[in-house]
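> In numbering that gives the first Met the number 0, the protein residues as written are 0 to 114.
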Amino acid sequence: MSSRDQVRADLLSSMASMFSGGTNPLLLAGLKAAFPWLSFALIVNWIPEQAEDIYWVLIDLDRIATVEISRLSSGLEDVSVEVLDLNKYKERRLSIENRRKLEVAIDLMKENYAS
Numbered sequence: 000m001s002s003r004d005q006v007r008a009d010l011l012s013s014m015a016s017m018f019s020g021g022t023n024p025l026l027l028a029g030l031k032a033a034f035p036w037l038s039f040a041l042i043v044n045w046i047p048e049q050a051e052d053i054y055w056v057l058i059d060l061d062r063i064a065t066v067e068i069s070r071l072s073s074g075l076e077d078v079s080v081e082v083l084d085l086n087k088y089k090e091r092r093l094s095i096e097n098r099r100k101l102e103v104a105i106d107l108m109k110e111n112y113a114s
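1. Take N23 and list the residues in its own chain whose beta-carbon comes closer than 7 Å to its own, dropping the five residues that flank it on each side.
2. Determine the contact status of L10 and A113, defining contact as a CB-CB distance below 8 Å.
3. Determine whether the beta carbon atoms of L85 and I63 lie at a separation below 8 Å.
4. May I have the straight-line CA-CA distance separating L60 from R70, to the nearest angstrom?
5. Compare the C-alpha of A50 against each of D77, L107, M14, I42 and name the closest.
6. Determine the closest residue to R2 out of E110, L107, P47, E96, with distance taken between C-alpha atoms.
Shown next, in the form of structure tokens:
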């Protein structure tokens, strides 16, 4: 399996885990509260910090949702969801691995829109 195929498999696996509640359940709850129509979304980055987890989730071909979830609470009121333009996100200093992951996620999103 090529590294691109592995990234693809990992993205699809993390999406399945997110939508089944296997990731942080507040991640899905926060995304659904902000985007009720959401049925296909790919986690392109995740940073676990001491007080919160930060996720960057590709929600369509133009936008990334930045979701911050406090580790000190278990309620939706402590979930912050912001929307970032995909092109602005691409301008950030991304590692080669994160850039590759984003490229594969965009390809998967295009495939989802085509079907």
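Beta carbons: idealized from backbone N, C-alpha and C, even for Gly.
Everything numeric in this text was worked out from a predicted model, so none of it was measured.
According to the data block:
1. Walking along the sequence shown from the start, residue 23 turns up at place 24. If we look at N23 and ignore the five residues flanking it on each side, its Cβ neighbours are D52, I68.
2. As a position in the sequence shown, residue 10 is number 11, starting the count at 1. As a position in the sequence shown, residue 113 is number 114, starting the count at 1. No, the pair does not count as a contact, with Cβ atoms beyond the cut-off.
3. Position 86 of the sequence shown, counted from the start, is the residue given in the question as residue 85. Position 64 of the sequence shown, counted from the start, is the residue given in the question as residue 63. In contact: L85 and I63 (Cβ atoms closer than 8 Å).
4. For the purposes of this step, residue 60 is taken as the residue at position 61 of the sequence shown. For the purposes of this step, residue 70 is taken as the residue at position 71 of the sequence shown. Answer to the nearest angstrom: the Cα atoms are 30 Å apart.
5. Numbered from 1 along the sequence shown, position 51 holds the residue referred to as residue 50. Closest by alpha carbon: D77.
6. Counted from its first residue, the sequence shown places residue 2 at position 3. One detail in the question is off: residue 2 reads as Ser in this sequence, not Arg. Considering only alpha carbons, the answer is E96.
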